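Notes to accompany the following structure.
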Amino acid sequence: MDDKIIHMKKNWIFSLVFLILMGVGAFAAYRFWPGIKPVVLPPPSVDMPLQLPDGFSIEIFADGIPNARAMRFDERGNMWVSATRSNTVWLLEIENGAVVRKTPMFQNLQRPHGLAFDPKNPFTLYIAEEHQIVRTCVYCDDSSPEKIIDLPPSGRHFTRTLGFGPDNKLYISIGSSCDVCEEPDPRYAAIYKMNRDGSEFELVADGLRNAVFFTWHPKTDALWATEMGRDRLGDDLPPDEVNIIEAGKNYGWPICYGKQIHDTNFDKNQYIRDPCEDTEPSHIDLQAHSAPLGLAFIPNSDDVLIAYHGSWNRTVPTGYKIVRAELDAAGNFIRMHDFITGWLTEDNRALGRPVDLIFHEGALYISDDKAGLLYKVSFPAA
5 MDDKIIHMKK
15 NWIFSLVFLI
25 LMGVGAFAAY
35 RFWPGIKPVV
45 LPPPSVDMPL
55 QLPDGFSIEI
65 FADGIPNARA
75 MRFDERGNMW
85 VSATRSNTVW
95 LLEIENGAVV
105 RKTPMFQNLQ
115 RPHGLAFDPK
125 NPFTLYIAEE
135 HQIVRTCVYC
145 DDSSPEKIID
155 LPPSGRHFTR
165 TLGFGPDNKL
175 YISIGSSCDV
185 CEEPDPRYAA
195 IYKMNRDGSE
205 FELVADGLRN
215 AVFFTWHPKT
225 DALWATEMGR
235 DRLGDDLPPD
245 EVNIIEAGKN
255 YGWPICYGKQ
265 IHDTNFDKNQ
275 YIRDPCEDTE
285 PSHIDLQAHS
295 APLGLAFIPN
305 SDDVLIAYHG
315 SWNRTVPTGY
325 KIVRAELDAA
335 GNFIRMHDFI
345 TGWLTEDNRA
355 LGRPVDLIFH
365 EGALYISDDK
375 AGLLYKVSFP
385 AA
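Counting in the numbering used here, the sequence shown runs from 5 upward without gaps.
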């Protein structure tokens, strides 16, 4: 390629990243609890004027990570990121709080999504592909992935998410193979757990259409999960959900949703008693089609942050933001607040789509699979 063209291309990329950095570096002039107020917008040329509560700041932590999804920090303080649609897991080496090197460490995988480090063997990384779970030793001479278990073939929902629970079991969420249907394989639309070698694969809960992300409450150890509702019931039904997962419970899909509402559009059967009485209601109902993904409990707070990936089939787009669910000490929902907005413009253009949320050393990290970015949010000094 001509040197002049290469030089022009590099200048263009540098300029774009610079403009985005200016945009996300701008913070809002509004207080956190009351809700959104007018913000100080950056110059019109800035692509991403994100709005945050007063005192918070946001920066681009890393760019050039196409389809960035799940994030995990390892014992050395480096970050690993799954890039599902590009079939890659990236290693981001970090020095003094900044990314100094990006390496596509594992490539040619099959839609990798979930990542988890073994708490007993902190350099053992588990990767959930759409058809299997593999594990590998990072920073080892031989880091070839080893399969520990097969997973059912992917369908409509192909992301599988991993996490080690307080019981040291490896948990996995597997979405449904369809929008709404009776599943032929009980492994779909459920959360399972297993030993670290893949043995004793055991059902935790089912009736979960697409519980893409989950986490554990830091005080109660209860398992919390987001769930996306079905399509084709209009702009405002069914609600997306946050559920508290209890072992052995069914969470309704495909015949029930939300607060034990019977989906008679799908289920035409006649019952003597309401079939939804035997299912678990949602803990928090969310705006339909918000597409909730990552959730993270705020350190030293009762509240939880939830990433809304954003709608794709709603008349008026919704989501494309991060919200803060205000909870009491027992985890009961009080009210919702916008936390970060601006990924959706006033003319309904999506500039980004937040995915995963994790806290590390007091900062919040956010992945964005549309913009190929990772953000870092700094909280006000105590």
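Ideal placement from N, C-alpha and C gives every residue a C-beta, glycine not left out. All values derive from a computational prediction rather than experimental measurement.
According to the neighbour-count rule (16 or more other Cβ atoms, all chains shown, within 10 Å of its Cβ), is Pro188 buried or exposed?
-> exposed
Q) With 16 other CB atoms within 10 Å as the buried threshold, where does Tyr192 fall? A) buried
Whole angstroms are fine: how far does the CA of Asp67 sit from the CA of Glu186? 41 Å
- Task: Excluding the 5 residues preceding and the 5 following Arg89 in the sequence, name in chain order all residues of the same chain whose CB lies nearer than 6 Å to its CB.
- Result: Asn71
- Query: Secondary structure at Cys141, three-state DSSP: helix, strand or coil?
  - Reply: strand
Could you give the uninterrupted runs of the beta strand (DSSP E) lying entirely in the region 115–184, keeping only those of 3 residues or more?
119–121, 128–132, 136–141, 150–154, 164–168, 174–178
*CA-CA distance, Glu150 and Ala194?*
24 Å
Excluding the 5 residues preceding and the 5 following Leu129 in the sequence, name in chain order all residues of the same chain whose CB lies nearer than 7 Å to its CB. Trp84, Leu119, Phe121, Arg139, Thr140, Val142
- Message: Report the CB separation of Ala132 from Thr165 in whole angstroms; it is logged as a contact under 8 Å.
- Response: 7 Å
Using the three-state DSSP reduction, which class does Asp210 fall into: helix, strand or coil?
strand
Next on the checklist: Please state whether the Cβ-Cβ distance between His293 and Phe337 is less than 8 Å.
Outcome noted: no
Open item on the list: Please classify Asn82 as buried or exposed, where buried requires at least 16 other C-beta atoms within 10 Å of its C-beta.
Closed with: buried
- Thr107 by DSSP, collapsed to three states: which one? strand
* Asked: Given that a residue counts as buried once 16 or more other Cβ atoms are within 10 Å of its Cβ, and exposed if not, what is Gly256?
  -> buried
Exercise. Once you ignore the five residues that flank Asp278 on each side, which residues in its own chain have a CB closer than 8 Å to its CB?
Worked result: Gln264, His266
Look up Arg80 in the DSSP assignment and say whether it is helix, strand or coil. coil
- Query: Roughly how many whole angstroms lie between the Cα atoms of Asp271 and Asp58?
  - Reply: 47 Å
Next item on the list: Drop a sphere of 10 angstroms on the beta-carbon of Thr224, count the other beta-carbons inside from all chains shown, and report buried for 16 or more, exposed for fewer.
Entry: exposed
Would you identify the three-state DSSP class for Thr88, choosing helix, strand or coil?
helix
| query | Using 8 Å as the Cβ pair cut-off and three pairs as the minimum, do the region 350–361 and the region 314–324 touch? | reply | yes
message: For Cys260, count the other beta carbons within 10 Å of its own beta carbon; 16 or more makes it buried, fewer makes it exposed. Which is it?
response: buried
Going by beta carbon distance, what residues of the same chain come within less than 7 Å of Thr319, once the five residues before and after it are set aside? Asp239
So, at 7 Å on beta carbons, what are the nonlocal neighbours of Leu207 in its own chain, with the 5 sequence-adjacent residues on each side left out?
Ala194, Tyr196
*Just the Cα atoms here: how many angstroms apart are Ser49 and Asn352?*
Caution applies to Ser49, whose pLDDT of 29 falls short of 50 and renders its modelled position unreliable; the value that the coordinates give is listed next. Roughly 17 Å between the two C-alpha positions.
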